[in-house]
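>
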Ligand code: SF4
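Numbering (my numbering), first residue to last: 10 to 475.
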């Protein structure tokens, strides 16, 4: 990068193939395919290495684009690699392959999904080629279902719209108001020599027409969506991009300028061969709160009644947030085992001797302090960790009995539920004068009797993010 300091976000166009045929597409990469990369993509192993190099070099966010990135069989591995290296991750997709399986499997590694939606009209999408093999368009209801799905799995939602001659007169307000993406990116269709110059003329629009489109949608910002407008000028030289052959490229002069391959010459050399302008990146709104989780507290505690599934939910939540899992129960069990006592016996001991209880709490709290981001299974978390968010899980006695009967846990049967619930209450009253079941202590109380652990986890995630 000759011109300035590192742009912190990079777009990796990892894959040339696409199942749509948008005539204005400025990422066709036919030049790359015809010259050095007949398959249109690197082998899996090399693509993973490219991601590692980008992360090690200092990029903070990576957007996987194509072609259509969800066609790539190793996309999940790339996402996982990026996440393991601490990057914020995003994909740009036409939405045709966002199955529940994809959304569920990639939840721990993928932060954002940018869905491309240019028009809700069949004739417009057919005319522009925004359709599967240029023929089968996504209908309005299908777009809405895709949006619902993305949100139900708690991804950050972005919508990308390319404004061109066929959709510039349309009004997408109802759809955007329905979808309420965190960001709506509105692009003026971009001619790029060697990518779309044979077809793009019929789609070009003037700045004036582009401005009119944006003026029509301006009030949508009042609904909380950040609208990011990019005309041709602002898109040129303001994106750090890697092509399917693993080379940096820029579009400063209206065509792709490719570096040598990152894996051949090294990332420092290859980035010096392209032109990116950090000031333009900042000016077009490239820096924002992309750490979708950054509004989340560092610590989240779960409290709840016996057999409410706290530990399972804490585990799931920690996995989805890539936080650490901590449990006072496990901590206490280990102490009880060392004393050759069952957990119930140890609780009774604590009831008789509140100092013992306090000692366990203090040791556990010291341990919590050493961990930055954690989801903590801890009934007294609301008291000891005031900066955390606190959730309480309650359950009917009938359902709790069913669950414990099925679990067949050592030394704990359904007959002990009431005893254990009362012991916890007494224990905390004796030691701290606190009734931990009081809903006032919690940010949210959830009745989990009819919910799966996955549903409870998603409920908490959505509560945290909204
Ligand atoms: S869906 Fe995206 S990558 Fe595929 S043709 Fe359309 S604009 Fe290009």
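All C-beta atoms, glycine included, are put in the ideal place defined by N, C-alpha and C. Computed from a prediction, not measured in an experiment: that's the story for all the values here.
(1) Round the Cβ separation of residue 393 and residue 374 to the nearest angstrom and send it over; I've been treating them as touching at under 8 Å.
(2) Could you check whether the Cβ of residue 44 sits closer than 7 Å to any heavy atom belonging to the ligand SF4?
(3) Output needed for residue 317: all residues of its chain with C-beta closer than 6 Å, excluding positions within five of it in sequence on either side, in chain order.
(4) With 16 as the cutoff for other CB atoms within 10 Å, does residue 199 come out buried or exposed?
(5) Do you know whose CA, among 40, 146 and 46, lies nearest residue 31's CA?
(6) Kindly indicate the opening and closing residues of the alpha helix (DSSP H) around residue 169.
(7) As a quick exercise: from 120, 122, 149 and 185, pick the residue whose alpha carbon is nearest that of residue 134.
(8) Among 222, 108, 38 and 189, which one has its Cα closest to the Cα of residue 155?
(9) What three-state label does DSSP hand residue 287 in the structure shown?
(10) Using the three-state DSSP reduction, which class does residue 345 fall into: helix, strand or coil?
(11) Starting from the C-beta of residue 299, find all residues in its chain whose C-beta is less than 6 Å away, skip the five residues before and the five after it, and write them out in chain order.
(12) What separation, rounded to the nearest whole angstrom, lies between the Cα atoms of residue 12 and residue 245?
(13) Buried or exposed: where does residue 228 fall if 16 or more other Cβ atoms within 10 Å of its Cβ makes it buried?
(14) If you draw a straight line from the C-alpha of residue 111 to the C-alpha of residue 159, how long is it?
(15) Decide yes or no for the touch test of the segment 262–269 against the segment 46–59: beta carbon pairs closer than 8 Å, at least 3 of them.
(16) Would you decide whether residue 23 is buried or exposed? Buried here means 16 or more other CB atoms lie within 10 Å of its CB.
(17) Just to confirm my understanding: we take residue 175, look at its own chain, exclude 5 residues before and 5 after, and list those with CB closer than 6 Å. What are they?
(18) For residue 35, which residues in the same chain have their Cβ closer than 7 Å to its Cβ, ignoring the five residues on either side in sequence?
(19) Span of the alpha helix (DSSP H) holding residue 21?
(20) Following the continuous alpha helix (DSSP H) through residue 57, name the residue where it begins and the one where it ends.
(21) In angstroms with no decimal places, state the Cα-to-Cα distance between residue 191 and residue 232.
(22) Which two residues bound the contiguous beta strand (DSSP E) that contains residue 267?
(23) By Cβ distance below 7 Å, which residues in the same chain neighbour residue 438 in space, the five residues on each side in sequence not counted?
(24) Ordered along the chain, which non-local residues of its own chain (more than five positions away) have a Cβ less than 7 Å from that of residue 42?
(25) Note down, one range per segment and in chain order, each alpha helix (DSSP H) of at least 4 residues found wholly within the segment 438–475.
(26) Between the alpha carbons of residue 471 and residue 163, how many angstroms are there, rounded?
(27) If you run the structure through DSSP and keep just helix, strand and coil, what is residue 140?
(28) Whole angstroms are fine: how far does the CA of residue 425 sit from the CA of residue 106?
(29) Is any heavy atom of the ligand SF4 found at a distance shorter than 7 Å from the C-beta of residue 30?
(30) At a threshold of 7 Å, does residue 103 count as lining the ligand SF4 (C-beta to nearest heavy atom)?
(31) I need the DSSP call for residue 313, collapsed to helix, strand or coil.
(32) Given a cut-off of 8 Å on the beta-carbon distance, is the pair residue 400 and residue 305 in contact?
(33) Closer than 7 Å by C-beta to residue 90: which residues in its own chain qualify, once you throw out the five before and the five after it? Chain order, please.
(34) Can you tell which of 372, 324 and 321 has the C-alpha that lies nearest to the C-alpha of residue 343?
(35) Under 7 Å: does the beta carbon of residue 67 sit that close to some heavy atom of the ligand SF4?
(36) Please classify residue 384 as buried or exposed, where buried requires at least 16 other C-beta atoms within 10 Å of its C-beta.
By the coordinates alone:
(1) Against the chain shown, residue 393 aligns to sequence position 384. Against the chain shown, residue 374 aligns to sequence position 365. Right, the Cβ-Cβ distance comes to about 6 Å (below 8 Å), so this counts as a contact.
(2) As a position in the chain shown, residue 44 is number 35, starting the count at 1. No, the Cβ of residue 44 stays beyond 7 Å of every heavy atom of the ligand SF4.
(3) For this step, residue 317 is matched to residue 308 along the chain shown. 402, 404 and 457.
(4) On the chain shown, residue 199 is found 190 positions in, with the first residue counted as 1. In summary, residue 199 is buried, with 16 or more beta-carbon neighbours lying within 10 Å of its beta-carbon over all protein chains present.
(5) Your numbering for residue 31 matches position 22 in the chain shown. Comparing Cα-Cα distances from residue 31 to each of 40, 146 and 46, the minimum goes to 146.
(6) As a first step, residue 169 must be located in the chain shown, where it is residue number 160. First-last for residue 169: 165–172, but that is the beta strand (DSSP E), not the alpha helix (DSSP H).
(7) The sequence position of residue 134 within the chain shown is 125, counting from 1. Nearest to residue 134 by alpha-carbon distance, out of 120, 122, 149 and 185, is 149.
(8) In the chain shown, residue 155 corresponds to position 146, counting from 1. Comparing Cα positions, the closest option is 108.
(9) Within the chain shown, the letter at position 278 stands for residue 287. In the three-state DSSP reduction, residue 287 falls in the helix class (H, G or I).
(10) Reading the chain shown from its first residue, position 336 is the one you call residue 345. Three-state result, residue 345: helix.
(11) Here residue 299 refers to the residue found at position 290 of the chain shown. Result list for residue 299: 70 and 97, in chain order.
(12) Here the question's residue 12 lines up with position 3 in the chain shown. Here the question's residue 245 lines up with position 236 in the chain shown. In this prediction, residue 12 scores a pLDDT of 46, lower than 50, which makes its location untrustworthy; the coordinate-derived value is nonetheless stated afterwards. C-alpha separation (whole angstroms): 14 Å.
(13) Sequence index remark: in the chain shown, residue 228 carries index 219 (1-based). In this structure residue 228 is exposed. Its beta-carbon is surrounded by fewer than 16 other beta-carbon atoms within 10 angstroms.
(14) Walking along the chain shown from the start, residue 111 turns up at place 102. Walking along the chain shown from the start, residue 159 turns up at place 150. Inter-residue distance for residue 111 and residue 159 is about 10 Å (C-alpha atoms, whole angstroms).
(15) Counting Cβ pairs under 8 Å, fewer than three are found: no touch.
(16) Taking the first residue of the chain shown as position 1, residue 23 is located at position 14. Residue environment: residue 23 is assigned as buried (16 or more neighbouring CB atoms within 10 Å of its CB, all protein chains considered).
(17) Position 166 of the chain shown, counting from 1, holds the residue named residue 175. Taking residue 175 as the centre and dropping the five residues before and after it, the same chain places the C-beta of 133, 136 and 137 closer than 6 Å to its C-beta, in chain order.
(18) Here residue 35 refers to the residue found at position 26 of the chain shown. Excluding five sequence positions before and after residue 35, the CB atoms of its chain that fall closer than 7 Å to its own CB belong to 199, 201, 204 and 205, given in chain order.
(19) The sequence position of residue 21 within the chain shown is 12, counting from 1. Counting along the chain, residue 21 falls outside any alpha helix (DSSP H), though it belongs to the beta strand (DSSP E) covering 18–22.
(20) Numbered from 1 along the chain shown, position 48 holds the residue referred to as residue 57. Its alpha helix (DSSP H) spans residues 53–66.
(21) As a working note, residue 191 is residue 182 in the chain shown. As a working note, residue 232 is residue 223 in the chain shown. The straight-line gap from Cα to Cα measures roughly 10 Å.
(22) The sequence position of residue 267 within the chain shown is 258, counting from 1. Element bounds for residue 267: 266–270.
(23) Within the chain shown, the letter at position 429 stands for residue 438. When the five nearest sequence neighbours on each side are left out, the beta carbons in the same chain lying within less than 7 Å of the beta carbon of residue 438 are those of 444, in order along the chain.
(24) Indexing the chain shown from 1 puts residue 42 at position 33. The residues are 25 and 49.
(25) The alpha helix (DSSP H) runs lying completely inside the segment 438–475 and spanning 4 residues or more are 462–474, given in chain order.
(26) Walking along the chain shown from the start, residue 471 turns up at place 462. Walking along the chain shown from the start, residue 163 turns up at place 154. Taking the straight line joining both Cα atoms gives about 7 Å.
(27) Taking the first residue of the chain shown as 1, we reach residue 140 at position 131. The DSSP-derived three-state label of residue 140 is coil.
(28) If you number the chain shown from 1, residue 106 lands on position 97. If you number the chain shown from 1, residue 425 lands on position 416. Rounded to the nearest whole angstrom, the C-alpha separation of residue 106 and residue 425 is 48 Å.
(29) Residue mapping note: residue 30 aligns to position 21 of the chain shown, counting from 1. Yes, the beta carbon of residue 30 sits closer than 7 Å to at least one heavy atom of the ligand SF4.
(30) Taking the chain shown and counting its residues from 1, the one referred to as residue 103 is at position 94. True, at least one ligand heavy atom lies under 7 Å from that Cβ.
(31) Numbered from its first residue, the chain shown carries residue 313 at position 304. It is a strand residue.
(32) To locate residue 400, count along the chain shown from 1; it is residue 391. To locate residue 305, count along the chain shown from 1; it is residue 296. Going by beta carbons, residue 400 and residue 305 fall outside the 8 Å limit.
(33) The sequence position of residue 90 within the chain shown is 81, counting from 1. Here the set comprises 57, 60 and 61.
(34) The residue given as residue 343 occupies position 334 in the chain shown. Nearest option by C-alpha distance: 372.
(35) Translated into positions along the chain shown, residue 67 becomes position 58. No, since every heavy atom of the ligand SF4 falls outside the 7 Å radius drawn around the Cβ of residue 67.
(36) Position 375 of the chain shown, counted from the start, is the residue given in the question as residue 384. Around the CB of residue 384, 16 or more other CB atoms lie within 10 Å, so the residue is classed as buried.
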